[in-house]
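Participant: Counting in the UniProt record's numbering, the sequence shown runs from 1 upward without gaps.
For every residue, glycine included, the Cβ atom is placed at its ideal position computed from N, Cα and C.
Quick one: structure below, then a few questions.
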Amino acid sequence: MLVKLAEAIGRLVLAGREMSRLAGFTARMTELTVVLKDLNSGRYERTMVNNSAIADAGDIGPGRGLLKFQDNLIKFEHVPLVTPNGDVLVKDLTFEVKSGMNVLVCGPNGCGKSSLFRILGELWPTWGGKVTKPPAGKLFYIPQRPYMTLGSLRDQIIYPHTHQEMKRRGKTDADLLKYLDLVQLTYLQVREKGLDAIEDWIDVLSGGEKQRIAMARLFYHNPQFAILDECTSAVSVDVEGSMYQYCRAVGITLFTVSHRKSLWTHHDYYLKFDGHGAYEFGPIEGTQDQFGS
């Protein structure tokens with residue numbers, strides 16, 4: 001009787017913790033819904049914006065920039081990088097990247113790298129200038145810690161597509177096994193007993209395996225451009241190199257945030273922020289050492 005009571009109390013405590021987490025998630029989802037409604041209505045103003053910082057930057061403001069969609073091109077023309085609280089990280093960013101021009105992005109924390117990609121992903125408004133980018137679905141983002149969805153091993157590779165969408169695209173399980181082989185994860189479908197295996201992938205997979213699954217996901221979607229944000233930091237240099245070579249072979253142009261010298265050879269240009277509002281954009285040469293270790 002006492003054992004049953006102890007088990008019941010334990011389950012009650014665990015349920016309380018889960019309810020607390022659920023309450024937190026619900027609050028965040030409510031905030032997200034409000035923000036999305038504001039974005040859809042074109043309202044970007046926030047009470048935390050530092051008006052003096054914005055005024056000092058000149059005639060800019062949220063939503064004043066232009067956004068143009070064009071295949072095989074990413075181009076920033078006099079675009080300021082501004083945080084939601086009004087801090088101007090870069091007053092005037094101008095560069096052009098065509099398909100096939102892999103770019104290595106570097107700089108200290110808080111220098112504007114994330115702001116650049118949030119503007120590209122349309123998570124943040126354009127405060128001025130003009131941004132040209134591929135349409136939705138042709139620009140892919142992979143973070144350092146990729147999202148693992150609830151579902152099968154197959155679902156991890158094709159996310160956010162469903163199995164039906166995968167079939168409509170003409171993809172088969174044989175294609176998925178090919179992508180697993182390219183990232184040297186063929187053993188996963190053997191270890192987990194097939195692509196239909198369902199696990200808690202966040203716990204089952206190591207950090208390096210998650211990053212390689214994310215790269216297999218990139219190969220499946222095959223976009224024009226991909227933003228790789230330290231997404232191979234837990235992957236060995238040889239596997240990393242083979243994945244980058246495959247991206248170049250199939251025509252996926254890369255924006256890579258990294259300080260690993262092993263990646264220089266896979267990129268043609270660099271975009272370096274100094275953390276004080278200045279930046280450099282140019283071709284990578286063999287003698288350059290500004291990218292770290």
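Out of Val-88, Gly-194, Lys-210 and Ala-27, which has the shortest C-alpha to C-alpha gap to Gly-275?
Facilitator: It is Val-88 whose Cα lies nearest to the Cα of Gly-275.
Participant: Any idea what DSSP makes of Ala-226, helix, strand or coil?
Facilitator: Of the three classes helix, strand and coil, the one that applies to Ala-226 here is strand, per DSSP.
Participant: Go through its chain and collect everything with a Cβ distance to Met-101's Cβ below 7 Å, but skip five positions before and after it.
Facilitator: Cβ within range, chain order: Thr-253, Asp-268 and Tyr-269.
Participant: According to DSSP, is His-78 part of a helix, a strand, or is it coil?
Facilitator: His-78: strand per DSSP, three-state reduction.
Participant: In or out: Met-148 buried (at least 16 other Cβ within 10 Å) or exposed?
Facilitator: Buried, since its Cβ has 16 or more Cβ neighbours within 10 Å.
Participant: Starting from Glu-209, trace the alpha helix (DSSP H) both ways and give me its first and last residue.
Facilitator: Glu-209 -> alpha helix (DSSP H) spans 207 to 221.
Participant: Taking Asp-196 as the reference, which of Val-237, Gln-156, Lys-68 and Pro-125 has the closest Cα?
Facilitator: If we check each option's Cα against that of Asp-196, Gln-156 comes out closest.
Participant: Can you tell me where the beta strand (DSSP E) with Glu-192 in it begins and where it stops?
Facilitator: Where Glu-192 is concerned, there is no enclosing beta strand (DSSP E), given that its DSSP letter is neither H nor E.
Participant: Which of the three DSSP states is assigned to Cys-231 in this structure?
Facilitator: Cys-231 falls in the coil class under three-state DSSP.
Participant: Does the contact criterion of 3 or more C-beta pairs under 8 Å hold for the stretch 63 to 78 versus the stretch 131 to 138?
Facilitator: Verdict: yes, contact present.
Participant: Kindly indicate the opening and closing residues of the alpha helix (DSSP H) around Asp-155.
Facilitator: Its alpha helix (DSSP H) spans residues 153 to 158.
Participant: Can you give the Cα-Cα distance for Leu-36 and Met-29, rounded to whole angstroms?
Facilitator: Computed Cα separation, rounded: 10 Å.
Participant: Report yes if the CB atom of Leu-66 is closer than 7 Å to the CB atom of Lys-130, and no otherwise.
Facilitator: Contact: yes.
Participant: Using the C-alpha atoms, what's the distance from Lys-210 back to Gly-277?
Facilitator: So the alpha carbons of these two residues sit roughly 34 Å apart.
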